[in-house]
Each structure stands twice: as structure tokens, then as C-alpha cells.
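Sequences listed follow chains A and B, in order. Every letter in the first sequence is one number past the one before it in full-length UniProt numbering, and letter 296, counting from 1, is 296. Every letter in the second sequence is one number past the one before it in full-length UniProt numbering, and letter 8, counting from 1, is 8. Just so it is clear, CB atoms sit at the ideal spot from N, CA and C, and this is done for glycine as well. I have placed the structure first, in the form of C-alpha cells, so that the comments after it can refer back to it.
There are 2 protein chains.
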Amino acid sequence: MLDYSLLAAIAAVVREGSFERAARSLHLSPSAVSQRVKLLEDRLGQILVVRGSPCVATEAGRHLCRHVEQVGMLEQDLLGAMPALAPDGLGRITLRLAVNADSLATWFLPAAAAFAEAESALLDLRLEDQAHTAESLRSGEVLAAVTDLAEPVQGCRSLPLGAMRYLATASPAFVARYFPAGVTASALCQAPCLRFSQQDRLQLGWVKQQFGQELTLPPHGLPSAQAFVDATIAGLGWGMNPASAVQQALAEGRLLTLLPGAPLMLPLYWQYTRQPLPMLERLTQAVLAAASAGLEPAE
Amino acid sequence: MLDYSLLAAIAAVVREGSFERAARSLHLSPSAVSQRVKLLEDRLGQILVVRGSPCVATEAGRHLCRHVEQVGMLEQDLLGAMPALAPDGLGRITLRLAVNADSLATWFLPAAAAFAEAESALLDLRLEDQAHTAESLRSGEVLAAVTDLAEPVQGCRSLPLGAMRYLATASPAFVARYFPAGVTASALCQAPCLRFSQQDRLQLGWVKQQFGQELTLPPHGLPSAQAFVDATIAGLGWGMNPASAVQQALAEGRLLTLLPGAPLMLPLYWQYTRQPLPMLERLTQAVLAAASAGLEPAE
């Protein structure tokens, strides 16, 4: 068997981002953690953790962390059946997942809460970065992801979750100021839109769907799903918001849809590693249940 | 004078993260953008943009981008006084700011909306990463930041904004399950807490304030301010939430405070570049006004 006290040290440094915090979480001194990492690195003849702020795993380090996580999940299942086996202070395992921001803001949390209530595992959610999701899954940096990437990443299964309905929305004052003659292509080139990040193509995608052409939209950058809704209401710009997140503001007249009856449907997928891990299967069931309650059928 | 058509190409590539998107925003072909960047790089004898996904500026590239931004702000002020000077399709300038997530979720947006209503500039907000805020300000990657970093960064002014009141909160079911005998140090070592990121020390800070010692808290990672509140209500863990964000849930009994009357006050600061930029002064006024409405006096 491998020396798991060494492997646990690597995993803690990567999870916590520093040797000091890893030491606290393992109830060791920082120098003991550092020695363990160093010992493994000497044995393998390669760097496993790039020291920095935060400390990050090298590719080899990520491989080891993924292994620690998978063994941890198998141990948890074993302990469920044989609780007497548990050593004192058995560390809890942490499952790393990537979730797109609008899912985190709308339908995903009930899945996380239902899973966490039944299991002792901890969840480490990351915001999905579309540009890196495939790489994060492939390298084992995350075990699973809610993503708009349909094609299975190497080593992963991809299950359809349903579609999120997006509405192009703006405040009444914003519509009066920027779209006095209606929502035209030339008006859209002047009216500030919101975008979550450089990768956020929803506003451009909706415009292309409606007008058949790519336009240059002047964007405010706003990297928060809730702030996106709040900023639309405050009149900072127009933006594509999940229908469920703006339902109430629409009903109260604090928001208007730019072109009534013109939603954008975004299909979402649950991609997760093919390794046979019962705990991940149970998480998958919780995610599928929450998605079927919170998303619409994909076309 | 410098050749601003070349400088504008660099700035667009960095702002948009790719040559294709930069080309669209400048109404040029990608190869024209690429040639302009290349020309400047050849002239300077150094790389300005690291080609990747996304493309990012080197230190020299960031210097140029900062200069373009500052010239853009001065142009906007000039055009305010002399509108006839405006060339057709003058590009709008974009101000990059860093804001901590809880401020973005609570008091900051009115400042952004008030500023954007009066100015044609676009805002590109980034979530403050405490570990990198000083470096982002120093390098000019952002012009200003809402941060808990009090000491002025080199080249910046630091103005106190007031303090955010945080409350340790959990759902009634969570309290019944994990704190049946009250909130003790040993119960806190078992009860999952929420943390925004590896850098989020609020939960640990509150525990230290209340119990006089550092404890090892088992964390769920949840990188979204609104999801933090929602996850607390859903019973995923306990967490430090801004008082203004949980007021209603507390009044309705969906949340409880862990130790009544034990808030944590976090002083916040507005750090901004000392360059004399009238537009930034106006943004500063809007930020100070919103902070005085949304934050409490610091002790």
C-alpha cells in the first residue's frame, strides 16, 4: 500500500492552498507537512506542489490528489457498513465540483443540501469556467461539473440535465432611455449590456438568434449571478437572466423583457468521472432530482 | 504622440481575452489586430500579450493598457466639454475595478448604477481576490478596489468606507442537529461551515473572536455571496453572512444567529490610483455615497 500519511499531506496543501492551513487541518506542524510533501517529491523525483499563494498542484500532484479523493470516497462507503472501523478523527473527504454560476444561483443548492444531509463528505464548489471545464475534469481537479459542454470529456459520462430558460431583461427606465423606438440592432450597439465574464456569450447569442447577425455590444463586466439580476433592476444594463431569477421582478414591473416571447434555452449537462464511486453515484441522483425540479425539458 | 491605433488593439485583446473578440469590438479583422499587436511587440522588442485562452497581458502589456485607459478617461472629460470633437464611433472606455463579493451583493451596485447613468464609460467589475488585490492595483490591472486592505498600495489612496456587519448564522434544523448543547468549540469542529474561498478567514476570525483560539473547521467551499446565504438557509452549513443580506430570513425564523449579539465588524476601504483622473474622482464620490448608505461606521 502507498503511504497515505504522505498523500494526505499533499491533498491538504492543495485543498487549503498553503502549508500553514494544511497543517492546521491535519493537526500537524507546518514543518511536518512540508517534510512529508518533500519526501514524496524526492521519492518521485518531481515537484508535486508549486509553492506560492495559493499553492497549486502540478499535473503529477493532481493525479495524487485525485487518487486520495477516490480512496476517501471508498473508505466512507466502507465505514457506512462497518462504523467500528473508524479511527479517531478520521478526516472528512472533500468532493470538488464545478458548477456554472446561474445554476448555483437557482436550482443546484437543494442537490448539495440533500447530499450533505445524508453524507459526511464536504463539498468544494467552484464556479465553472467554460474555457477550463474540460481540462479540470480530465486532470481530476474536479470530479464532476454542471456545464453547457455536451460532449463527454475523456474519462467522463455526460448526462443531460434539462435546459435553463433565459430572458433578455432591462429596467423600464433603461428601456425608455435606450430603446425608445424599440429593440433594434442599432439601439443594441449603443445600450450597455451586462456580461458575466469574457466567456459569457449569452447576450451575443440571443442577439444573433433574434437578429441573425453578430453585433458589437458594449458590455459592463459583472461576475456574480445575483448582482447580474440586481444590476439589471438598477438600470446598469440589459442582460440575459434565468427566468426563475427574474420572475418576481417581471411580475412587479421592475423589469421588462426586451422582446416578449423570445427566450434563449441553454441545455446543461452533468459530466462526472467514470471511476466506479458509489458516493458520486448518490450525488448524481441528488443532482438529477434537483435538475428535474428546477430546469425545463431540453428541446 | 504614440500610435493609439496600435495601443487600442492591445487594450482590446486584453479586455476581451481573444484576438477574435477584440477584432469584433474594434470592427477590424483578427489578422489586422494581430498585425498591430505584433508591430508594437517588434518595436518594443518584448512580448505584450501572452497568447492563450484567455490572452493575458505581460507586465509591459499591462503598463500600456493602463495608459490607454487613462488617456481614454481624459478624452471623455474633454468630450464632455467639447462634444463636437467626437470622432464617429469613438470607442467607449472601460474602467476595471475589483470589488469584494459581499459588497457587490449588498451596497455597491447603487454606486455603479449612479455612475453609469451619468457617464458613458463601461465598468468591468472583478471579484476581489485578497491575495492579489495589492498586486492588481500596483500593476494597474484595476484602477480601484473595494477591499479590506487598509494600508495604501504603492501609488494609491486609501479611503475608509465604513464596516460591514457579519452575523454567524445557520438554519434552525442545522442548529438542532449540530449544536444541541449550544455552540461550543468541540461542536464547531464537527459542524460543517461555509467558506467563500481558501482566502475566506471570516468564519475562523469569528471563532477566534468568540473562543480565543483557532479551531479547525470542516468547510464546504461556496464561491458566491448569494449562494452563501441560500446554502445557510438550506442547512448546508453555518456561515458568516452580511447582516443586511440575512435580516429578512432572521425575522422569518428561517435562520438563527449562533451566538446572539456577537457580530464581526469588517472595515472596508476604497483604494484608487493617485493619477489625477476626474472621472475616477466622480466614481469615488458615488462609491462614498453608496457606502455611507449601506455600511456602518467603523469603530
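Cα-Cα separation, residue i to residue j
i: glycine 89/B; j: valine 37/A; result: Confidence is the limiting factor: at glycine 89/B the pLDDT is only 44, short of 50, which leaves the residue's position unreliable, though a coordinate-based value still follows. Approximately 57 Å, taken between the alpha carbons.
i: leucine 217/A; j: methionine 240/A; result: 13 Å
i: proline 263/B; j: histidine 63/B; result: 42 Å
i: tryptophan 107/A; j: leucine 2/B; result: 51 Å
i: arginine 15/B; j: proline 160/B; result: 29 Å
i: arginine 177/A; j: alanine 168/A; result: 16 Å
i: glutamine 226/A; j: alanine 105/A; result: 7 Å
i: arginine 51/B; j: threonine 58/A; result: 21 Å
i: leucine 266/B; j: isoleucine 47/B; result: 41 Å
i: valine 207/A; j: serine 292/B; result: 39 Å
i: phenylalanine 179/B; j: alanine 290/A; result: 28 Å
i: alanine 170/A; j: serine 120/B; result: 17 Å
i: glutamate 128/B; j: alanine 116/B; result: 20 Å
i: alanine 11/B; j: alanine 22/B; result: 9 Å
i: glutamate 281/A; j: valine 33/A; result: 33 Å
i: threonine 232/A; j: alanine 181/A; result: 20 Å
i: leucine 40/B; j: histidine 27/B; result: 19 Å
i: threonine 133/B; j: glutamate 75/A; result: 40 Å
i: tryptophan 270/B; j: glycine 155/B; result: 13 Å
i: valine 13/A; j: arginine 92/A; result: 15 Å
i: serine 18/A; j: serine 5/B; result: 44 Å
i: alanine 286/B; j: alanine 113/B; result: 9 Å
i: alanine 111/B; j: serine 103/B; result: 11 Å
i: alanine 298/A; j: alanine 150/A; result: 12 Å
i: alanine 8/A; j: glycine 253/A; result: 54 Å
i: threonine 94/A; j: arginine 43/A; result: 26 Å
i: residue 303/A; j: proline 172/A; result: It is not possible to answer for residue 303/A, since the shown part of chain A is limited to 1 through 299.
i: glutamate 20/A; j: cysteine 65/A; result: 18 Å
i: glutamine 275/A; j: valine 246/A; result: 39 Å
i: threonine 273/A; j: valine 56/A; result: 21 Å
For residue i, the first and last residue of its enclosing alpha helix (DSSP H)
i: proline 278/B; result: 278 to 294
i: tryptophan 206/A; result: 202 to 211
i: alanine 234/A; result: 225 to 234
i: leucine 250/A; result: 243 to 251
Proximal chain A residues relative to residue i, where beta-carbon distance stays under 8 Å
i: glutamate 214/B; result: Arg24
i: leucine 27/B; result: First, the amino acid is wrong: residue 27/B is histidine here, not leucine. Chain A residues near histidine 27/B: Thr216.
i: glutamate 117/B; result: Gly235
i: alanine 113/B; result: Ala231, Ala234, Gly235, Leu236
Limits of the beta strand (DSSP E) - the one that residue i falls within
i: tryptophan 107/A; result: Element bounds for tryptophan 107/A: n/a, residue is neither H nor E.
i: glutamine 271/A; result: 264 to 273
i: leucine 194/B; result: 193 to 195
i: leucine 95/A; result: 94 to 99
i: glycine 221/B; result: 219 to 221
Chain B contact residues for residue i, given Cβ-Cβ distances below 7 Å
i: histidine 63/A; result: By Cβ distance, chain B contributes nothing, its closest Cβ being about 21 Å from histidine 63/A, past 7 Å.
i: aspartate 230/A; result: Leu109
Under 9 Å by beta carbon: chain B residues contacting residue i
i: arginine 92/A; result: Pro192, Pro218
i: arginine 126/A; result: Gly221, Pro223
i: alanine 9/A; result: Simply none; closest approach about 15 Å.
i: alanine 187/A; result: Neighbours of alanine 187/A on chain B: none; closest Cβ ~15 Å, over 9 Å.
Proximal residues of chain A, C-beta to C-beta of residue i below 7 Å
i: alanine 105/B; result: Ser224, Gln226, Ala227
Within chain B, partners of residue i - CB distance below 8 Å
i: serine 53/A; result: Ala131
i: glutamate 16/A; result: Gln198
i: alanine 101/A; result: Ser224
Interface residues of chain A facing residue i [CB-CB closer than 9 Å]
i: leucine 122/B; result: Pro192, Pro218, Pro219, His220, Gly221, Gly237
Which full runs of the alpha helix (DSSP H) of 4+ residues lie inside the region 114 to 190 of chain A, going along the chain?
-> Complete alpha helix (DSSP H) runs here, min 4: 133 to 139, 172 to 178, 185 to 188.
Enumerated in chain order, which unbroken segments of the alpha helix (DSSP H) with a length of 4 residues or greater are wholly contained in the UniProt domain "HTH lysR-type" (2 to 58) of chain B?
-> At a cut-off of 4 residues, the continuous stretches assigned as alpha helix (DSSP H) that sit fully inside the UniProt domain "HTH lysR-type" (2 to 58) of chain B are 4 to 16, 19 to 26, 30 to 44.
Can we say the region 232 to 250 of chain B touches the region 188 to 196 of chain B, given the rule of at least three CB pairs closer than 8 Å?
-> Touching, per the Cβ criterion.
Touching by the beta-carbon criterion (3+ pairs, under 8 Å), the region 118 to 125 of chain A and the region 207 to 227 of chain B = Touching, yes.
Quick one: any contact between the region 96 to 103 of chain A and the region 136 to 146 of chain A, if contact means 3 or more CB pairs under 8 Å?
-> Touching, yes, given that three or more Cβ pairs across the two stretches are closer than 8 Å.
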